[in-house]
Amino acid sequence: MKEIFIHQQKSSSSSSILKTLTLMATKHLSMNWSITDHNHQQQQQQQTEHEPFIGIDSIQQQQQIIVDYKSLGNNTKLVTKCLQFLIQFLTVQLKNGHYIPVVGLGTSRIATTSEQIIQAIKNAINVGYRHIDTADFYQNEKDIGQALYELIQDGKITREELFITTKVWSNHHTKELAIKSVRQSLKNLRIDYLDLVLIHWPMSFQSGDEFVPKFTNNNTIIGSDLSKENFELAYQGLEDACDQNLTRSIGVSNFNIKQLDKLLSTTTTTTNRRRRYEPVVNQVECHPHLNQEKLLEYCQNKHIHLVAYSPLRRANVELFVEPKLKQIALEHNRTIAQIILRWQLQRGIVIIPRTNKKHRMIENISLFDFQLNQTEMLAIMSLDKSDNNGGREITFESASHLPEFPFVIQ
Ligand SMILES: NC(=O)c1ccc[n+]([C@@H]2O[C@H](COP(=O)([O-])OP(=O)(O)OC[C@H]3O[C@@H](n4cnc5c(N)ncnc54)[C@H](OP(=O)(O)O)[C@@H]3O)[C@@H](O)[C@H]2O)c1
12 MKEIFIHQQK SSSSSSILKT LTLMATKHLS MNWSITDHNH QQQQQQQTEH EPFIGIDSIQ
72 QQQQIIVDYK SLGNNTKLVT KCLQFLIQFL TVQLKNGHYI PVVGLGTSRI ATTSEQIIQA
132 IKNAINVGYR HIDTADFYQN EKDIGQALYE LIQDGKITRE ELFITTKVWS NHHTKELAIK
192 SVRQSLKNLR IDYLDLVLIH WPMSFQSGDE FVPKFTNNNT IIGSDLSKEN FELAYQGLED
252 ACDQNLTRSI GVSNFNIKQL DKLLSTTTTT TNRRRRYEPV VNQVECHPHL NQEKLLEYCQ
312 NKHIHLVAYS PLRRANVELF VEPKLKQIAL EHNRTIAQII LRWQLQRGIV IIPRTNKKHR
372 MIENISLFDF QLNQTEMLAI MSLDKSDNNG GREITFESAS HLPEFPFVIQ
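Heads up: the sequence shown runs through residues 12 to 421, numbered per the working numbering.
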């Protein structure tokens, strides 16, 4: 028997998932799917060999839903279709009640031309992605917006089915500039609300049009006057964006524990105002060479979801030749990338791997029909190199002289 393991569920009610699955299956798979509760023996017996079904087991203690699709047999095409179809329901609930899909598509440097970016987004949506991660800094919002516009116009997707994240860059660290940046992103993306907006980095650069303003005669980044420009002020701008329904959720990225503590304190140091919206996400680099154990524990205690960026360490060869990963991949008959991604999901981490290749897009979401055991999970944990920041791929050393630089660089 084959089972798909989903470690989180969209809703506490299995019947509402069943209802949605039934509707969506009929719509997307253009076949008569009979979706039934796995526990209902009677209903199960009514299934015929020719009638594939997805049955959802009762919600397990660890919020696990087991989707039994044994009647799909060895029809790999159908199984792949089933997985692609299911991915859109695999979400976790944020502390403000909204849901974030557990796998998203990273888009930083996804492609060089507009045509390639548009095609990549269309491919991702077609294979089942619903969560797209972008940023003002990536300068691809307009192309992503064009792709989304065309997909929505063509009836392939609705805005409500999508989860779009963008980020406010360090040259917009005032209340007014942060909200201006959100409005510009909305315009670029051709949507009227965002699902999530993050403060991209805690350090503040001199405000202006330049992303990384530098002194003319050297490469040093110009920092801001911290009494006028800082991440707390930018965060207040994001709170205003929430109030104005420009975004459903807000959060941060590249924040360390001290900075999160500062933000979570109920009054802000600058204005003494009560915090209206707490950050629901901290997006940080995370993969087996930088497992973020302490930060993850802190975030989980505060109900902040950790989103892993560079979850594949940008395909760094050092990671992809790890013998332990190779061995686990062999045992599960999976790729190393799938083992790395599954390991993160099982830790309750949301992942946003980036690829512009359709077959890898499918590979990177085909993570729900196998499970790593405790020994394997621990073996991957032991690959951490974060002592002295060894495993870090994105060091941003050129900004390390600025106050609020979040990492210790040796
Ligand atoms: N908040 C931040 O400061 C921050 C920083 C960095 C990144 N991010 C976000 O996180 C996303 C992901 O991180 P990332 O782009 O840095 O790196 P990543 O997702 O860890 O790795 C991307 C690289 O892995 C390759 N790849 C993808 N799937 C693969 C597979 N199944 N097997 C082998 N190689 C595979 C890709 O190559 P191909 O394209 O050739 O497949 C690409 O070279 C970004 O795109 C961005 O949205 C955020």
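For every residue, glycine included, the Cβ atom is placed at its ideal position computed from N, Cα and C.
- Between the region 241-252 and the region 296-307, the count of C-beta pairs closer than 8 Å stays below three; the two stretches do not touch.
- Checking the 7 Å criterion, the Cβ of residue 204 is out of range of every heavy atom belonging to ligand 1.
- If you check the CB distance, residue 203 and residue 174 do not come in under 8 Å.
- Apart from the 5 residues on each side of it in sequence, residue 362 sits with its Cβ closer than 6 Å to the Cβ of 114, 319, 322, 352 and 355 in its chain, given in chain order.
- By the CB criterion at 8 Å, residue 143 and residue 155 fall inside the cutoff.
- The beta-bridge partner set that DSSP reports for residue 103 consists of 111.
- Of the candidates 310, 182, 386 and 395, the residue whose Cα lies closest to the Cα of residue 233 is 182.
- Each of 104, 192 and 131 was checked against the Cα of residue 117, and the nearest Cα belongs to 131.
- Comparing alpha carbon positions, the residue from 418, 329 and 194 closest to residue 256 is 194.
- Between residue 148 and residue 213, the CB-CB gap reaches or exceeds 8 Å.
- Spatial neighbours of residue 311 in its own chain (CB-CB distance under 8 Å, excluding positions within 5 residues in sequence) are listed in chain order as 317 and 359.
- It is roughly 8 Å from the alpha-carbon of residue 286 to the alpha-carbon of residue 274.
- Relative to ligand 1, residue 374 has its C-beta within less than 7 Å of a heavy atom.
- Not one heavy atom of ligand 1 lies closer than 7 Å to the C-beta of residue 140.
- For residue 335, the closest C-alpha among the options 292, 305, 391 and 324 is that of 391.
- Cβ atoms of residue 237 and residue 215 come within 8 Å of each other, at about 7 Å.
- Annotation for residue 303: no beta strand (DSSP E) segment contains it, and DSSP assigns it neither H nor E.
- Note on geometry: alpha-carbon atoms of residue 252 and residue 190 lie some 6 Å from one another.
- In the assembly as shown, residue 389 is an exposed residue. Its beta-carbon has fewer than 16 other beta-carbons within 10 Å.
- Note that the C-beta distance between residue 248 and residue 187 is below 8 Å.
- For residue 178, the enclosing beta strand (DSSP E) begins and ends at 174-179.
- The continuous alpha helix (DSSP H) containing residue 248 extends over residues 242-254.
- Assigned with DSSP and collapsed to three states, residue 358 falls in coil, not helix or strand.
- In the DSSP assignment, residue 142 falls within the beta strand (DSSP E) that extends over 142-144.
- Every unbroken stretch of the alpha helix (DSSP H) spanning 4 or more residues and falling wholly within the region 331-417 is given here in chain order: 334-343, 347-357, 369-374 and 385-392.
- Distance from residue 109 to residue 201 at the Cβ level is roughly 21 Å; contact not present, criterion being Cβ atoms closer than 8 Å.
- Excluding sequence positions up to five before and after residue 327, its CB lies within less than 7 Å of the CB of 404, all in the same chain and listed in chain order.
- Between the C-alpha atoms of residue 343 and residue 103 there is a straight-line separation of about 25 Å.
- In the DSSP assignment, residue 137 falls within the unbroken alpha helix (DSSP H) covering 125-138.
- Listed in chain order, the non-local C-beta contacts of residue 211 below 8 Å within the same chain comprise 146, 147, 148, 178, 179, 180, 181, 264 and 265, local neighbours out to five positions each way being set aside.
- The secondary-structure analysis by DSSP pairs residue 225 across a beta bridge with 232.
- At least one heavy atom of ligand 1 lies closer than 7 Å to the C-beta of residue 320.
- Of 393, 292 and 307, the smallest CA-CA separation from residue 105 is found for 292.
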